[in-house]
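Just so you know, the sequences run in chain order A and B.
Letter by letter, the first sequence follows residues 1 to 296 of UniProt numbering.
Letter by letter, the second sequence follows residues 1 to 296 of UniProt numbering.
Built from N, CA and C at the ideal position, the CB exists for glycine as well.
Model, not experiment: these values are computed from the prediction.
There are 2 protein chains.
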Amino acid sequence: MSTDATHATHATAPDGTVTEEVVRSLRGTADPRLRELLTALVRHLHAFARETRLTREEWERAIGFLTATGQACTDTRQEFILLSDVLGLSMLVETINGDHTPGATEPTVLGPFHMTDSPVREPGATIDLLGDGEPCVVSGRVLSRDGTPLPGARLDVWQANAQGFYDVQQPDVQPPGNGRGLFTADAEGRFRFRTCLPSPYPIPTDGPVGALLRATGRHPYRPAHIHFIVSAEGHTPVTTHVFVAGGEHLDSDAVFAVRQSLVQDFTPVDDPELAREFGVRNPFRHARFDLVLEPS
Amino acid sequence: MSTDATHATHATAPDGTVTEEVVRSLRGTADPRLRELLTALVRHLHAFARETRLTREEWERAIGFLTATGQACTDTRQEFILLSDVLGLSMLVETINGDHTPGATEPTVLGPFHMTDSPVREPGATIDLLGDGEPCVVSGRVLSRDGTPLPGARLDVWQANAQGFYDVQQPDVQPPGNGRGLFTADAEGRFRFRTCLPSPYPIPTDGPVGALLRATGRHPYRPAHIHFIVSAEGHTPVTTHVFVAGGEHLDSDAVFAVRQSLVQDFTPVDDPELAREFGVRNPFRHARFDLVLEPS
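Okay, structure coming up:
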């Protein structure tokens with residue numbers, strides 16, 4: 001402006017002090033933790049823009065991307081969790097909060113598909129309501145870290161079907177609760193259920209996160225896995241996966257969730273009698289592992 | 001897991017190397033600028049989570065907040081721009097990209113309400129189609145930085161009405177284009193239009209951004225202003241506001257957009273003859289300033 005008038009305001013100085021002005025504006029935040037989080041967020045967000053000399057066009061594209069991500073979310077799809085997953089943030093948050101003690105089962109990400117209640121199922125029941133995959137038995141014990149069995153421990157289990165889709169992704173093909181089950185460990189802490197062998201699958205790629213993966217030349221696949229949330233009285237629950245040893249993409253999981261200790265053998269078994277006892281077709285796969293909780 | 005089996009995978013190490021793993025996964029990004037932006041984003045996002053030891057519950061609340069922000073966006077509302085504005089990011093991006101030369105008009109934020117085409121209006125026309133505010137004349141010249149007038153310069157102008165709402169916020173009350181106009185400077189670079197005196201107004205507070213402001217104890221007000229995008233052949237366009245000197249909230253703009261040089265006197269005038277010449281009721285306010293562009 002070519003006017004020479006000056007006015008008594010505390011206007012923003014031209015270069016960079018806007019960050020300190022925003023941080024000052026957060027001083028009145030009632031919750032001290034929220035103030036801490038927002039202050040750190042503003043400092044990192046501004047440092048990112050300064051370091052990269054973010055252009056207006058790039059800012060506009062980022063606004064458009066975030067808007068599309070929010071608008072892709074529905075009752076059965078959480079695109080922002082997917083974004084957090086492919087940026088490794090979800091895994092990092094698990095790592096930070098793991099409080100993991102050697103000997104206890106390591107946690108990994110929840111993922112975006114734990115959005116409905118798993119049906120309560122009897123011990124040994126199948127979660128594969130369509131029976132269209134390679135038959136599989138999963139069994140083991142829930143233990144406290146000192147090896148004590150945990151009777152009555154609860155196992156919330158969910159997985160994709162043999163074609164790599166969760167029930168909520170295919171409401172016309174899969175009955176609700178397919179691939180899901182809520183099991184209770186017996187008096188010796190033992191659990192067992194039937195399912196189909198999980199297969200690798202791509203995360204949903206028809207939304208903004210899929211476009212991001214394509215732009216970065218990354219494949220969308222997750223190695224084959226079964227999700228677990230295991231809880232027992234007096235113990236810290238663990239949210240984790242079990243991965244199928246020897247499968248594809250174990251070294252390039254689209255969401256960075258693989259931990260060495262979570263990779264388990266799903267052993268081929270050819271034993272008609274055992275198959276009959278478990279109630280599966282012969283031959284089948286058998287995964288045997290214990291899940292170990294930390295006393296709280 | 002209590003199994004001793006080991007498998008030849010490159011699984012994520014337990015503490016913190018997930019960041020480097022994500023950065024490595026971006027190596028295949030075809031566009032080098034996108035790779036640079038995403039790498040910096042991942043580093044800052046992860047550093048933020050580590051520094052604050054972000055909990056799972058806080059992460060969940062953040063996912064919920066971002067989802068709600070995306071879902072609050074419509075054809076006439078851009079909640080993510082509003083979020084960027086109240087975090088000072090929009091103003092920072094303007095500052096970084098301002099390439100501001102002393103003597104040229106300083107830029108400030110675009111804001112979320114430049115979403116419809118401004119109607120083409122004749123010189124001297126009013127943009128206040130309801131005539132319900134304090135009458136106001138805005139006039140001046142568009143100049144190149146060396147003082148040369150810029151005939152035919154275009155001025156895209158928009159402002160809230162006397163009650164503090166933009167036309168798109170009140171489709172039932174305001175006709176489309178109220179408070180907006182696209183003007184062309186005359187052969188001497190002069191512009192003039194009529195309007196109502198802008199008043200301070202709150203940014204929309206009925207969405208996630210409003211909840212954020214309440215949690216931080218911040219008021220939602222913006223000081224009174226008129227938006228401009230000024231362009232002329234051979235010059236870099238400028239996106240800016242003119243603020244009303246002496247008004248409220250000039251030192252605490254909710255979106256940090258005030259710059260000292262953009263604050264202008266809206267002088268009270270009691271001159272029936274001049275009012276008649278301009279076509280406004282007497283008394284009225286008169287703001288006179290020049291807008292100065294940098295040769296491109």
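Short Cβ contact (7 angstroms threshold) for residue i with residue j
i      : j      : result
B:S139 : B:H235 : no
B:N97  : A:T55  : yes
A:L150 : A:A49  : no
B:T195 : B:D128 : yes
A:F191 : A:L155 : yes
A:H227 : A:F243 : no
B:F284 : B:P135 : yes
B:R145 : B:E294 : yes
A:V157 : A:G181 : yes
B:V263 : B:T105 : no
A:P112 : A:I81  : yes
B:A72  : B:G207 : yes
B:T29  : A:T52  : no
A:H286 : A:V137 : yes
A:P198 : A:Q159 : yes
B:D270 : B:A245 : no
B:E230 : B:L291 : A quick correction: the sequence has Val, not Glu, at residue 230 of chain B. It is a contact, given that the beta carbons lie within the stated cut-off.
A:G189 : A:N161 : no
B:A211 : B:A185 : no
Cutoff 7 angstroms; reference residue i; Cβ partners in own chain excluding five residues on either side
i      : result
B:G88  : F256
B:E94  : P107, T108, V109
B:L83  : T69, V209
B:L38  : L26, T29
A:H46  : T19
B:F183 : R121, P123, L155, V157, F191, F193
Where residue i falls, given that 16 or more other Cβ within 10 Å makes a residue buried
i      : result
B:V120 : exposed
A:V173 : exposed
B:P175 : exposed
A:D251 : exposed
B:R259 : buried
B:T126 : buried
B:A187 : exposed
A:T17  : exposed
B:R276 : exposed
A:T74  : exposed
B:T67  : buried
A:D85  : buried
A:H10  : Summary for A:H10: the model assigns pLDDT 37, below 50, so the residue's position carries little reliability, and this model does not support an answer.
Close beta carbons around residue i, own chain, < 8 angstroms, minus the five adjacent residues each side
i      : result
B:L41  : none
B:R43  : T19, V23
B:P200 : G164, Y221, R222, P223, A224, G247, E248, H249
B:M115 : D75, T76, Q78, V168
Cβ neighbours of residue i in the same chain (closer than 6 angstroms, five flanking residues each side left out)
i      : result
A:D253 : R222, P223
B:P202 : P220, Y221
B:F65  : P208
Within chain A, the residues that residue i reaches when beta carbons sit closer than 8 angstroms
i      : result
B:L66  : L66, T69, G70, F80
B:T29  : A215, T216, G217
B:A211 : Going along chain A, no residue has its Cβ under 8 angstroms from B:A211, so there is no contact; the nearest lies around 11 angstroms.
B:W158 : Correct list: empty, because the minimum Cβ distance to chain A is about 18 angstroms.
Interface partners of residue i on chain B, CB under 9 angstroms
i      : result
A:F256 : T12, V18, E21, V22, S25
A:G111 : Residues of chain B passing the Cβ test: none, with the nearest at roughly 13 angstroms.
A:A49  : L89, L92, V93, I96
Chain-ordered chain B contacts of residue i [CB-CB under 8 angstroms]
i     : result
A:H46 : G88, L89, L92
A:T52 : E36, L37, A40
A:C73 : T67, G70, Q71
A:I63 : Q78, F80, I81, S84
Where residue i meets chain A, residues with beta-carbon distance less than 7 angstroms
i      : result
B:S296 : By Cβ distance, chain A contributes nothing, its closest Cβ being about 15 angstroms from B:S296, past 7 angstroms.
B:A232 : Per Cβ cutoff of 7 angstroms: no residues; B:A232 is ~15 angstroms from chain A at best.
Contacts that residue i makes with chain B (C-beta to C-beta distance below 7 angstroms)
i      : result
A:R56  : V93, N97
A:A224 : Ordered by position in chain B, no residue passes the 7 angstroms Cβ test against A:A224, which lies about 12 angstroms from the chain.
Contact with chain C by residue i, beta-carbon distance below 7 angstroms
i      : result
A:G181 : Protein chains in the displayed structure are A and B, and chain C is not among them.
Unbroken stretches of the alpha helix (DSSP H), 4 residues or longer, contained in the stretch 20-100 of chain A: Segments of the alpha helix (DSSP H) lying fully in the stretch 20-100 of chain A: 32-52, 56-71, 79-86, 89-97.
Curious, which full-length alpha helix (DSSP H) runs of at least 4 residues does the stretch 221-266 of chain B contain? Listed in chain order, there is nothing to give.
Going along the chain, which unbroken runs of the beta strand (DSSP E) with 3 or more residues stay wholly within the stretch 96-177 of chain A? Fully enclosed beta strand (DSSP E) runs of 3 or longer: 135-144, 154-158.
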